[in-house]
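Below is one structure; the comments refer to it alone.
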Amino acid sequence: MTSVRADASGQFTIENVLPVNRLGYGTMQLTGKGVWGPPADEDEAVRVLRRAAELGVTLFDTADSYGPLVAEPLLRRALAPYDESIVIATKAGLTRQGPDQWTPVGRPAYLRQQCEMSLRILGLERIPLLQLHRVDPEVPLEDQVGELKALQDEGKIAHIGLSEVSVEQIEQARAVAPIATVQNLYNLADRSAESVLDHCERNQIGFIPWFPLATGGLVKPGGPLDAIASRLSATPSQLALAWLLRRSPVMLPIPGTSSIAHLEENVAAAGLELTDDDVAELSAAVS
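Take the position in the sequence shown, starting the count at 1, then add 30; the result is the number in this note's numbering.
Dropping the structure here:
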């Protein structure tokens with residue numbers, strides 16, 4: 031059992047008012063295959079969530095479309111009534127038609143409906159962080175963010191985030207409302223969002239990298255991190271997460287898992303101290 035807690039990853043304060051431990055937890059893997067339907071063992075999913083909280087995880091990332099209607103109810107079952115340190119970050123703006131099918135819907139009325147549903151399902155009076163899951167190309171971005179701003183003004187959302195956006199879209203959105211976080215694909219193997227990350231760092235916007243472990247490709251036996259992991263007495267997963275934490279002070283990785291053992295392994299990455307040479311070697315090992 032790990033003695034390292036998520037607190038060891040340090041803290042980031044969202045919009046200078048909402049502190050979270052930087053190493054969080056993502057709930058997508060608690061659903062069925064293709065992010066569709068319930069997990070094989072809901073009781074185990076609840077145990078994983080409770081163990082994450084025990085280990086000091088305070089940022090729990092979820093979405094109405096995970097399942098759909100699976101991850102949010104599991105969070106409520108596991109963690110409600112919520113400790114005041116727990117920050118639930120949910121999303122709206124993607125719909126599901128079946129396993130692995132995702133369709134953006136950013137009409138204001140739909141975003142409002144999903145916010146109201148998440149409030150009810152999660153058992154919250156206000157959502158700490160609501161992220162626009164995807165920008166709907168059929169709806170002006172200003173209208174999508176504008177509806178989230180209206181919900182914020184009504185006290186139903188504390189902070190607004192975006193997902194899979196460009197620097198230009200971030201600035202478009204910031205003209206309408208303060209943007210607290212951005213969640214883009216980013217990991218050691220895929221750094222295509224580098225310019226977005228740099229922009230977030232300059233503006234003190236939290237950056238939440240989804241697929242922080244590259245869906246397992248980085249950490250498989252014989253993979254690119256194996257030799258370095260052996261030398262540092264760590265696992266490839268821990269190296270990939272420690273590298274992210276070192277990359278930027280605004281980085282908020284949210285590795286997900288349905289296994290308590292894997293959860294504990296991931297959290298232990300918060301205590302792994304990489305030297306500058308280690309970071310350079312990892313960066314060069316996966317290009």
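Quick reminder that beta carbons are idealized off the backbone N, C-alpha and C, glycines included.
Unbroken beta strand (DSSP E) stretches of 3 residues or longer found wholly inside the stretch 111–140: 117–122, given in chain order. By the criterion of a C-beta distance shorter than 8 Å, residue 61 is surrounded in its chain by 67, 68, 69, 96, 97, 100, 101, once the five residues flanking it on both sides are discounted. Where residue 161 is concerned, the enclosing beta strand (DSSP E) starts and stops at 157–162. Look at the beta carbons and you see the stretch 273–287 touching the stretch 39–59: at least three pairs across the two are nearer than 8 Å. Judged by their CB atoms, residue 108 and residue 76 are nearer to each other than the 7 Å cut-off. Of all C-beta pairs linking the stretch 134–142 to the stretch 77–94, fewer than three are shorter than 8 Å, placing the two stretches out of contact. Note on residue 158: 16 or more other CB atoms within 10 angstroms of its CB, so buried under the neighbour-count rule. For residue 165, no alpha helix (DSSP H) segment is defined, and its DSSP state is neither H nor E. Assignment of alpha helix (DSSP H) within the stretch 203–269, counting only whole runs of 4 or more residues, yields 224–232, 256–261 in chain order. Under the DSSP assignment, residue 103 falls outside any beta strand (DSSP E), being part of the alpha helix (DSSP H) whose first and last residues are 101–109. When DSSP states are grouped into helix, strand and coil, residue 300 belongs to the helix group.
Per DSSP, reduced to three states, the secondary structure at residue 93 is coil, with no helix or strand assignment. Beyond the five residues adjoining it in sequence on each side, residue 126 comes within less than 6 Å, by CB distance, of 95, 98 in the same chain, given in chain order. Around the beta carbon of residue 214, 16 or more other beta carbons lie within 10 angstroms, which makes this residue buried.
Straight-line spacing of the CA atoms in residue 292 and residue 299 works out to 11 Å. Taking one beta carbon from each stretch, the stretch 205–225 and the stretch 177–196 have 3 or more pairs nearer than 8 Å; the two touch. Only residues of its own chain outside the window of five on either side were considered, and among them 177, 181 have a CB closer than 7 Å to the CB of residue 142, listed in chain order.
In the DSSP assignment, residue 196 falls outside any alpha helix (DSSP H), carrying neither H nor E.
Linking residue 46 to residue 235 through their CA atoms gives a straight-line distance of about 10 Å. Residue range 171–183 is occupied by the alpha helix (DSSP H) that includes residue 171. Per DSSP, the unbroken beta strand (DSSP E) holding residue 50 starts and ends at 48–51. Residue 48 has its alpha-carbon roughly 11 Å from the corresponding atom of residue 114. Taking 7 Å as the cut-off, the beta carbon of residue 266 is found closer than this to the beta carbon of residue 259.
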